[in-house]
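Read in order, the letters of the sequence shown correspond to residues -20 to -1, 1 to 362 in mature numbering (1 follows the signal peptide of the UniProt record, and there is no 0).
A virtual CB, placed ideally from N, CA and C, is assigned to each residue, including glycine.
As structure tokens, the structure follows; a few thoughts come after it.
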Amino acid sequence: MRMRRTILIFTVILIPLTFCFKNALIKHSINIVSKRGNSKNRFSQKVYESKNIDLENDIKENDLIPNVKVMVYDDDEEDNEDEDDDNNDDDNNNDEDNEEDQNNLQIDEDPYLLKDASYIKKNELWKNRQRVLIVRSPLKKKGCKSFIDNLKLLLPHHKMENKWDKKVPKSELNDISYSRNCNNIIFFDVKRKRYCLWICKSITGPSLYFEILDYIPLHSLLFSGNCLLYSRPLLIFSKHFDELDHLKLIKEMFIHVFGVPNYHPLSKPFYDHCYNFFYVNDLIYFRHYQILPVTLADSNNVNKQQLVEIGPQFTLHIIKIFEECFKGRILYENEKYQNYVTPQQVKLNDHLKKKIKNMKKKKNKYKKFKFIKPNIKTDIDY
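Structure (structure tokens):
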């Protein structure tokens, strides 16, 4: 009962109040804003927003009020002012857009601050920019992978290309080397019973064609030497490389391929090993040695150094030299290679000779025994 009474009282009080506020708002349809103050900077304003107003009566009333400014706006003036405001806003927006574009241009020129990055700057001292592309045949045989792995350790300036198909011609390696920014190509080709090696200058040529013989890998127990990985080697050639014409060309090619460029990013500025190339009986022997002092006290004494073999070992038999990359006119052909007998053929010949000897021995044994035929008497003889 009490709750009902309180609700009825509130409704009786609130309903007439709402009608009073509505009537007040309808009568006072004009909003008058007045500001007064003692100081000169302050002033009062009376703004007429409605159109159905008697301006003369209002001005007379406002004449009695000190420090009052009456501001009356016509439709034309309002339109002009609106246009001026829109123009000013457009100008300001254009200025802001121009400033933003300039700032964006300044930022987009070098957003990651790469101009001052030391790790991107080119080394001006690295002038001999020789790079070697190593490609192997897709055929998988016993010593193929180990030979390529050993070449990678010997050449820090190499780049490997694994995606190679046997059906694609070798001349397309020029495009791959150009895309990989390489000057030299080493192509390891596997045939039925022999391993061949191509060493070429990309695009221009020449190209060297060898057969690999007597390969012993680096991880063999025969070699006890060791050296710093990717340090620069000394290249040592026998005197024959300065006498014969075709060997002069081979020497120059080996310098480009096996010689590690100075100031290369992956190389280390130390000389603690050497690559040796010897020419004997139309064969080029490759040997890899460590430069080791006799004692620790002799480490700075040049005259007291010894060589310890590191590996790998392999011999190269020259077949042909072409003028261009993998093709072109034949500059040199080894005539002895046509009559050359490979080590496997030597073993087969020895095996055949042994078989022939055994056959002869057996025949000689049978000759010692004489087969005597006894005379058997028959009825015909009588």
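For aspartate 54, I'd like the list of residues in its chain whose CB is within less than 7 Å of its CB, leaving aside the five on either flank, ordered along the chain. Bear in mind that the predicted position of aspartate 54 carries a pLDDT of just 47, short of 50, making it too unreliable to give a figure here.
With a threshold of 7 Å on Cβ separation, who are the neighbours of leucine 105 within its own chain once the five nearest residues in sequence on each side are excluded? Tyr243
Does the segment 145 to 156 come into contact with the segment 192 to 202, if we say contact requires no fewer than three beta-carbon pairs (one atom in each stretch) closer than 8 Å? no
Does glutamate 141 come out as helix, strand or coil in the three-state DSSP assignment? Strand, per DSSP.
Which residues mark the beginning and the end of the beta strand (DSSP E) in which valine 282 is found? First-last for valine 282: undefined, no H or E at that position.
For the candidate residues Ile(-8), Pro273, Cys124 and Arg116, whose alpha-carbon lies nearest to that of glycine 205? Pro273
Near threonine 184, what residues of its chain come up, given a Cβ to Cβ distance below 8 Å and the 5 sequence neighbours on each side ignored? Here the set comprises Glu304 and Cys305.
Distance, asparagine 329 Cα to isoleucine 216 Cα: Using only the alpha carbons, I get a separation of about 37 Å.
Please determine, among Cys176, Ile(-12) and Phe238, the residue with the shortest C-alpha to C-alpha distance to histidine 297. Of Cys176, Ile(-12) and Phe238, the residue nearest in Cα terms is Cys176.
Helix, strand or coil at histidine 331 according to DSSP, with G and I counted as helix: Assignment of histidine 331 by DSSP, reduced to helix, strand and coil, places it in the helix class.
Apply the 10 Å Cβ neighbour rule to arginine 22 and answer buried if 16 or more other Cβ atoms are within range, or exposed otherwise. In this prediction, arginine 22 has a pLDDT of 43, which is less than 50 and means its spatial position is unreliable; what the coordinates show is noted afterwards. It counts as exposed.
Measure the CB-CB distance between valine 240 and isoleucine 166 and report whether it falls below 7 Å. no
Apply the 10 Å Cβ neighbour rule to glutamate 36 and answer buried if 16 or more other Cβ atoms are within range, or exposed otherwise. The predicted model places glutamate 36 with a pLDDT of 49, which falls under 50 and marks its position as unreliable; any figure quoted below should be read in that light. The residue in question, glutamate 36, is exposed, as its Cβ has fewer than 16 Cβ neighbours within 10 Å.
Look at the alpha carbon of lysine 307 and the alpha carbon of serine 187, and state the distance between them as a whole number of angstroms. 8 Å
Can you list, in chain order, the stretches of the beta strand (DSSP E) that have 3 or more residues and sit fully within the segment 140 to 170? 164 to 170
If we call anything under 7 Å between Cβ atoms a contact, is aspartate 194 one with threonine 295? yes
Using beta-carbon positions only, say whether aspartate 292 and isoleucine 196 come within less than 7 Å of one another. Reading off the sequence shown, one finds proline at residue 292, where the question assumed aspartate. Yes, these two residues count as a Cβ contact at 7 Å.
Span of the alpha helix (DSSP H), counted from its first residue to its last, around lysine 231: 225 to 238
For the 8 Å Cβ check, are there 3 or more pairs between the segment 207 to 216 and the segment 246 to 255? yes
Measure the C-alpha to C-alpha separation of leucine 94 and lysine 101 and round it to an integer number of angstroms. 9 Å
I need the DSSP call for proline -5, collapsed to helix, strand or coil. helix
Across which residues does DSSP place asparagine 256 in a beta bridge pair? Paired residues: Ile216 and Arg267.
Going by C-alpha distance, which of Ile336, Leu276, Arg172 and Ile310 is nearest leucine 119? Arg172
Tell me which residue opens and which closes the beta strand (DSSP E) that phenylalanine 302 is part of. 293 to 302
By alpha-carbon positions, which one of Asp262, Asn256 and Asn281 ends up nearest to tyrosine 269? Asn256
Tell me the DSSP bridge mates of proline 273? Per DSSP, Gln285.
Confirm, please, whether the CB-CB distance from isoleucine 301 to tyrosine 317 is below 7 Å. no
Sorted by chain position, which residues of the same chain lie with C-beta nearer than 7 Å to alanine 277's C-beta, five sequence neighbours on each side aside? none
Within 10 angstroms of the Cβ of leucine -4, are there 16 or more other Cβ atoms? Answer buried if so, exposed if not. exposed
Using 7 Å as the threshold, is the C-beta distance between phenylalanine 221 and leucine 227 below it? yes
Would you give the residue range spanned by the beta strand (DSSP E) that aspartate 194 belongs to? 187 to 196
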